[in-house]
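Enquirer: Before I ask anything, here is the structure I am working with.
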Ligand code: ADP
């Protein structure tokens, strides 16, 4: 029996007595015997312990069986008699009993009162019905509350009349139960309320006897709510089951010993374990391979489940990895103790594999980024543009040359680290980046506390708020000093090479040795940014020279070719020229044929001569470069820095070598040119001498030929005069042979005369006799034709064509007349008798000259002989074939040359010749 049913029975038994009395005698003061069989037990639901009262009721059973007050009196008389008979002891006993009885009555009245109150106030429905017909005798307030029926509604009516039973089967069950056992417990039945609605009740009933009439007392509890709760519980359980199975988080439940007793589907799929496998495991079993987020093994005492069970408290969000064959599943575990008997903990866990992997990837990226930064000597920085707060990585301090112990990362400390010259534009670049919302990219120098200057490449990116305003900037500082220096070196090298090229072009066009040497000195200083330069040349001691005084037998001298800046007058001459062995560094550069460097004269051993020069020039670092041409050393180029020592990079040395090589070439070229010029001058001198000799000889020859010609004319005239007289007057006196001889003498003297005239004409040709002026060639040729040429043409039936509008030429009319007469006479003389003669004269302009052509179709001239015909006395034919003196074309050439022109011939034998006369335009 449950506590509820038990309480009902107690109540029914307990209230039987007072109600029986109430029904029988409403006046409580009326003394009535207490009905037998009424007992009271504890009313647990109301929390009242009635056991004591019940026992009192039992004790009251005896006296309650005695008759009324009359009986008491009789009993008293008898008692007196007994007292009298048995003594005072019995009487005392009776008195005691009476006192007890009084006490019991008092207690009973109290209990009655309590029962009445209980009846009236019970929330359960209590009703008393007559057994025979079920008529209601009494109901309590609980009845009205539950069914809606009041006492007036039901008392005097049967349950059937008010149709309170929904199901008459239930009524029958009640009746049967009472009939059989006299009592019914926990009968569940449905009742119809006054308003027609139904109510589920749990009913207990017992038979009671009222005035000898059996009644039923029923107590009914409204369990509609309880059923609803049961239904709700079923629904809740189902919901829980569905939720448990379909919940996206894995859930396992363990018992108090940590043995897993249940796992949902998510857990099965998440952990890759079936239900059976789950249930085989302890929460801290050795099968679990659990790792921390850093990958290290996680001991069970760190498990959320183990901790929650051990400490009996909720443990939230412990992240761990479950290592499986196909990889690690990452979960976040929360374990909560279950406050139920036998239960341990509920463990829930969500899959955070993606997040962990993303975090790991991010961490990996960050690590690699960090490593890359380290490799690139880079420092990371972050700048909150709103608060101005700046965060720097350790490396960033190092890159900027700042000490994290003494310096705090801030905009100002960044700015302070920058080279003063670069601050303005670095700041401007940052401001512009923020203003234009573009990534930052700027390069500047920072100065480390040691004074070392480092180049920084600063790259930054902006982070914006929802309104697109930049709120944060983060980036890196990369030390690009090496790259920058290399860049500078490249640029410097390019500048040097450009300067070198320019210098080489200049040197190529400059061939004077002194200029070459000075250019080398100047350019070397400029290109290598050295303050002083000097070029020394070697003067080899000619072999076989005898030593003078204490001079060593073998030595070479050096002399200064040029210096930058030029040497002051105070510079002793003895150092402009010197013996090579007095300059050991120069000697070393020459003998080794490699560059020699004195890094710092203050720490070097110099010869006396070297020391003096160094002191006078204020030198600190000296570089000696041999000027090599092949294997020959021409001299040494010396570069010196003044003040601070200078370092030379490999690139500098390369450039120096190039300069030195170029210098050597230029020096050699200049020397060669000097030699050539010397030789040319010598040649010129000789030519001039020879020309003078020739001119003198020529003049002598001309004078000789003139005087001979002149002197021969008188005797020739006598010979020809007398021979003509003989031929004319004494011809008849002579025999045939004599006549023949006389004819020959006459002819020879005529030829002789012609020859002498021609020769005299040729000899007289000179510049003094020329009168230059523009000559109209057409007019000139017409004149020649009319006077000389046309008759000759007529003899041979030749045709001469002269082009119209021949241009004017600059010349002397008489001399030009002789030129063209000569050429036309020759064309007629050397015509081919097998065909009619045609001659054409034409002219073409050629710049500021005119080329006149005289073309014939005569016998022509063999190619090998064409050069000879302009030479004096050169003839290609015998006197018999073609008479002539061989002076004509020589005269033509001499005249044309005197007129600043030229003459040549083109000819094909048997086809004809063309003579070209080129003269200045008139
Ligand atoms: P010559 O008194 O012999 O004509 P020239 O000096 O006038 O002397 O000419 C030299 C030689 O050039 C001639 O002997 C002749 O052989 C050759 N010559 C000159 N003019 C012509 C011509 N038009 N055709 C062929 N040969 C020519």
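In the numbering used here, the protein residues as written are 96 to 1017.
Yeah, the Cβ is synthetic: ideal placement off N, Cα and C, and Gly gets one too.
How far does the beta strand (DSSP E) with residue 297 in it extend, from its first residue to its last?
Expert: Per DSSP, residue 297 belongs to the beta strand (DSSP E) from 293-305.
Enquirer: Run through DSSP, which three-state label would residue 514 get?
Expert: Coil at residue 514, not helix or strand.
Enquirer: Mind checking whether residue 386 and residue 418 have CB atoms under 8 Å apart?
Expert: Closer than 8 Å, so yes.
Enquirer: Hey, residue 443 and residue 346: beta-carbon distance below 8 Å or not?
Expert: The answer is yes: Cβ separation under 8 Å.
Enquirer: What is the rounded straight-line gap between the Cα of residue 997 and the Cα of residue 855?
Expert: Rounded to whole angstroms, residue 997 to residue 855 spans 22 Å at the Cα level.
Enquirer: When every heavy atom of the ligand ADP is checked, does at least one fall within less than 7 Å of the C-beta of residue 879?
Expert: For the ligand ADP, not one heavy atom lies less than 7 Å from the Cβ of residue 879.
Enquirer: Relative to the C-alpha of residue 410, which candidate in 429, 970 and 930 has its C-alpha closest?
Expert: Checking every option, the nearest Cα to that of residue 410 belongs to 429.
Enquirer: State buried or exposed for residue 244, treating a residue as buried only when at least 16 other CB atoms are found within 10 Å of its CB.
Expert: Label assigned to residue 244: buried.
Enquirer: Residue 656 and residue 630: beta carbons closer than 8 Å?
Expert: For residue 656 and residue 630, yes; Cβs fall inside 8 Å.
Enquirer: Going by DSSP, what residue range makes up the alpha helix (DSSP H) through residue 816?
Expert: First-last of the alpha helix (DSSP H) with residue 816: 745-824.
Enquirer: Who are the near neighbours of residue 508 in its chain, counting only those whose CB is closer than 7 Å to its CB and skipping five residues on each side?
Expert: These residues qualify, in order along the chain: 497 and 502.
Enquirer: Could you tell me whether any non-hydrogen atom of the ligand ADP is closer than 7 Å to the CB of residue 972?
Expert: Yes; taking the cut-off as 7 Å, the Cβ of residue 972 has a heavy atom of the ligand ADP nearer than that.
Enquirer: Return yes when at least one heavy atom of the ligand ADP lies under 7 Å from the C-beta of residue 927, else no.
Expert: Incorrect: residue 927 has no Cβ contact closer than 7 Å to the ligand ADP.
Enquirer: Return the Cβ separation of residue 736 and residue 626 in integer angstroms, given the expectation that the two are a contact with Cβ distance under 8 Å.
Expert: Sure, about 6 Å apart at Cβ, within 8 Å.
Enquirer: Please confirm whether any heavy atom of the ligand ADP lies closer than 7 Å to the CB of residue 956.
Expert: Checking the Cβ of residue 956 against the ligand ADP gives yes.
Enquirer: Considering Cα atoms alone, identify which of 306, 352, 301 and 295 is closest to residue 325.
Expert: The candidate whose alpha carbon is nearest that of residue 325 is 295.
Enquirer: Buried or exposed for residue 771, going by 16 or more other Cβ atoms inside 10 Å?
Expert: That one is exposed.
Enquirer: Are at least three pairs of beta-carbons, each pair with one atom in the stretch 246-254 and one in the stretch 325-339, less than 8 Å apart?
Expert: Touching, no, given that fewer than three Cβ pairs across the two stretches are closer than 8 Å.
Enquirer: Determine the DSSP secondary structure at residue 198, reduced to helix, strand or coil.
Expert: Helix at residue 198.
Enquirer: Any idea if residue 648 is buried or exposed, counting beta-carbon neighbours within 10 angstroms, 16 or more meaning buried?
Expert: In this prediction, residue 648 has a pLDDT of 46, which is less than 50 and means its spatial position is unreliable; what the coordinates show is noted afterwards. Classification of residue 648: exposed, given that the 10 Å Cβ count is below 16.
Enquirer: Give the secondary structure of residue 569 by DSSP, where H, G and I count as helix, E and B as strand, and everything else as coil.
Expert: It is a strand residue.
Enquirer: Per DSSP, residue 535 is paired with what?
Expert: Note: residue 535 sits in a beta bridge opposite 555.
Enquirer: Please classify residue 146 as buried or exposed, where buried requires at least 16 neighbouring CB atoms within 10 angstroms.
Expert: Annotation note: pLDDT 33 at residue 146 (below 50); position unreliable, coordinate value reported separately. Per the 10 Å Cβ criterion, exposed.
Enquirer: Could you tell me if the beta carbon of residue 784 falls within a distance shorter than 7 Å of some heavy atom in the ligand ADP?
Expert: No, the Cβ of residue 784 stays beyond 7 Å of every heavy atom of the ligand ADP.
Enquirer: Output needed for residue 548: all residues of its chain with C-beta closer than 7 Å, excluding positions within five of it in sequence on either side, in chain order.
Expert: 514, 540 and 542, listed in sequence order.
Enquirer: When burial is assigned at 16 or more other CB atoms within 10 Å of the CB, is residue 393 buried or exposed?
Expert: Flag for residue 393 reads buried.
Enquirer: Please tell me whether residue 579 has its Cβ less than 8 Å away from any Cβ of chain D.
Expert: Going by chain labels, chain D is absent from the structure shown, which holds only one protein chain.
Enquirer: Helix, strand or coil for residue 835 per DSSP?
Expert: Of the three classes helix, strand and coil, the one that applies to residue 835 here is helix, per DSSP.
Enquirer: Which residues bound the alpha helix (DSSP H) around residue 678?
Expert: Run containing residue 678: none; DSSP gives neither H nor E here.
Enquirer: Measure the alpha-carbon distance for residue 896 versus residue 880 and round it to whole angstroms.
Expert: Taking the straight line joining both Cα atoms gives about 11 Å.
Enquirer: Helix, strand or coil, according to DSSP, for residue 500 in the structure here?
Expert: It is coil, neither helix nor strand.
Enquirer: Is there contact between the stretch 953-963 and the stretch 904-919, where contact requires at least three CB pairs shorter than 8 Å?
Expert: Segments in contact, no.
Enquirer: From 850, 361 and 966, pick the residue whose C-alpha is nearest to that of residue 446; which is it?
Expert: Ranking 850, 361 and 966 by Cα distance to residue 446 puts 361 first.
Enquirer: Does the distance between the C-beta of residue 953 and the nearest non-hydrogen atom of the ligand ADP fall short of 7 Å?
Expert: Yes; taking the cut-off as 7 Å, the Cβ of residue 953 has a heavy atom of the ligand ADP nearer than that.
Enquirer: Suppose contacts are defined by Cβ-Cβ distances below 8 Å. Is residue 448 in contact with residue 424 by that definition?
Expert: Going by C-beta atoms, residue 448 is nearer than 8 Å to residue 424.
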